[in-house]
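Trainee: What follows is a structure written as structure tokens; I'll ask about it next.
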Amino acid sequence: MKLPSNAFTQALRMGRKQVGLWISLCSNFVAEVTAPAGYDWALIDMEHSPNDYFSVLGQLQAFEASNTTAIVRVQWNDAVAVKRLLDLGAPGILFPMIQSVEEAKMAVAATRYPPHGVRGVSGATRATKFGRVTDYVARVEDETTVLLQLETRHALQQAEAIADVDGISGIFFGPADIAADIGKVGKPMDPEVWSLIKPAAQKLIAKGVPVGTLVLDPAFATELLNEGFTFVACGTDASLLAKASDQLLATVKGGLS
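Residues in the sequence shown are numbered from 1024 upward in steps of one, following our numbering.
Laid out in structure tokens, this is it:
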């Protein structure tokens, strides 16, 4: 048995635009609802949601039956947590709050077996179909998506150096935390936030580095993709449910006589 190719990793390398959806409701059933929609990628969030390893596993299983590649945002740049997620079969990892080249190298090392990294070795895991994937060790590092999230002004200033670290698949900009870092917490769409992100992103785009982000405005998501961003999440499962619930109630109540 051979390791399947990671469609999202390959798409980033080819520069194909990838539209994503943020997954934060911690439910394999909800994941099954969203998986057939046809998004290129989904982000299962462990940083800002109550996901644990079992809930992530259920969501990975739901997305595996679709054409959507499920990336997991680990709660921190922690090699132990990354090891467990990769053994569960996560096709890729998003590392939050990367602040330096050193932290970027630590993140990549967590996804690599020695001598190139520090990932512990276990043979009979879900990732290897319990020992049946014969080329796993030889190919997993080339297939695994490694995304680094920049979330402060300090990190943006080092974006090019961080992106030069070998083994990175792409750079993800976190507008909410960047907004907080410049004194505009709760205002991720503030023009000042994007006046910092866009120049940093364009420098990376010019170097051929895939860049991405999460925004909840579909028109702005489209704009970013047209400006050269490669992977953009344009909504979250939680926000979609909340907005649809509010709109439905408002519509019905608004029509009452």
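Even glycine gets a Cβ: it sits at the ideal position worked out from N, Cα and C.
#1: Per DSSP, which residues does L1179 bridge with? Please list them.
#2: Since T1157 contacts M1069 with CB under 8 Å, what's their CB separation in whole angstroms?
#3: If you follow the beta strand (DSSP E) that D1068 is part of, which residue opens it and which one closes it?
#4: Inspect the CB distances between the stretch 1060-1074 and the stretch 1032-1045 and report whether three or more fall short of 8 Å.
#5: Nearest CA to the CA of D1165: which residue from S1218, F1052, P1114, V1141?
#6: Short of 6 Å in beta carbon distance, which residues of its chain neighbour F1031, apart from the five on each side in sequence? Order them along the chain.
#7: Which two residues bound the contiguous alpha helix (DSSP H) that contains G1115?
#8: Would T1148 and G1140 be called neighbours here (beta carbons separated by less than 8 Å)?
#9: For chain C, find out if any of its Cβ atoms is closer than 8 Å to the Cβ of G1258; answer yes or no.
#10: Apart from the five residues on each side of it in sequence, which residues of its chain come closer than 6 Å, Cβ to Cβ, to Q1098?
#11: Assign A1021 to one of two classes, buried (16 or more other C-beta atoms within 10 Å of its C-beta) or exposed (fewer than that).
#12: Three or more C-beta pairs closer than 8 Å, one from the stretch 1251-1269 and one from the stretch 1208-1216: is that the case here?
#13: Out of curiosity, what's the CA-to-CA distance linking T1236 and G1197?
#14: DSSP state of I1201, grouped into three classes?
#15: Residues in the same chain with beta-carbon distance under 7 Å from F1086, minus the five sequence neighbours each way, listed in chain order, please.
#16: How many angstroms separate the CA atom of I1194 from the CA atom of S1028?
#17: Quick one: which unbroken alpha helix (DSSP H) runs of 4-plus residues sit fully inside the stretch 1126-1197? Chain order, please.
Mentor: Let me spell this out:
#1: Sequence index remark: in the sequence shown, residue 1179 carries index 156 (1-based). Answer is none; L1179 lacks a bridge partner.
#2: Counting from one through the sequence shown, the residue named residue 1157 turns up at place 134. Counting from one through the sequence shown, the residue named residue 1069 turns up at place 46. T1157 to M1069, Cβ: 30 Å. No contact.
#3: Sequence index remark: in the sequence shown, residue 1068 carries index 45 (1-based). Residues 1064-1068.
#4: yes
#5: For the purposes of this step, residue 1165 is identified with residue 142 of the sequence shown, where counting begins at 1. Cα-wise, what sits closest to D1165 is P1114.
#6: Working through the sequence shown from its first residue, we reach residue 1031 at position 8. Counting only Cβ-Cβ distances below 6 Å, and skipping sequence neighbours, we find W1064, T1092, T1168.
#7: The sequence position of residue 1115 within the sequence shown is 92, counting from 1. G1115 -> not in any alpha helix (DSSP H); beta strand (DSSP E) instead, spanning 1115-1118.
#8: Against the sequence shown, residue 1148 aligns to sequence position 125. Against the sequence shown, residue 1140 aligns to sequence position 117. Contact flag unset, no.
#9: Chain labels in this structure do not include chain C; a single protein chain is all it has.
#10: Within the sequence shown, numbered from 1, the residue matching residue 1098 stands at position 75. Here the set comprises M1069, E1070.
#11: Residue 1021 lies beyond the range of the chain shown here (1024 to 1280); nothing can be said about it.
#12: no
#13: Taking the sequence shown and counting its residues from 1, the one referred to as residue 1236 is at position 213. Taking the sequence shown and counting its residues from 1, the one referred to as residue 1197 is at position 174. Going by the C-alpha atoms only, they are around 6 Å apart.
#14: Reading the sequence shown from its first residue, position 178 is the one you call residue 1201. In the structure shown, I1201 sits in a helix (DSSP, three-state: H, G or I).
#15: Walking along the sequence shown from the start, residue 1086 turns up at place 63. Counting only Cβ-Cβ distances below 7 Å, and skipping sequence neighbours, we find A1054, A1058, A1065, A1093.
#16: Numbered from 1 along the sequence shown, position 171 holds the residue referred to as residue 1194. Numbered from 1 along the sequence shown, position 5 holds the residue referred to as residue 1028. For I1194 and S1028, the distance between alpha carbons rounds to 21 Å.
#17: 1159-1166, 1176-1180, 1182-1186
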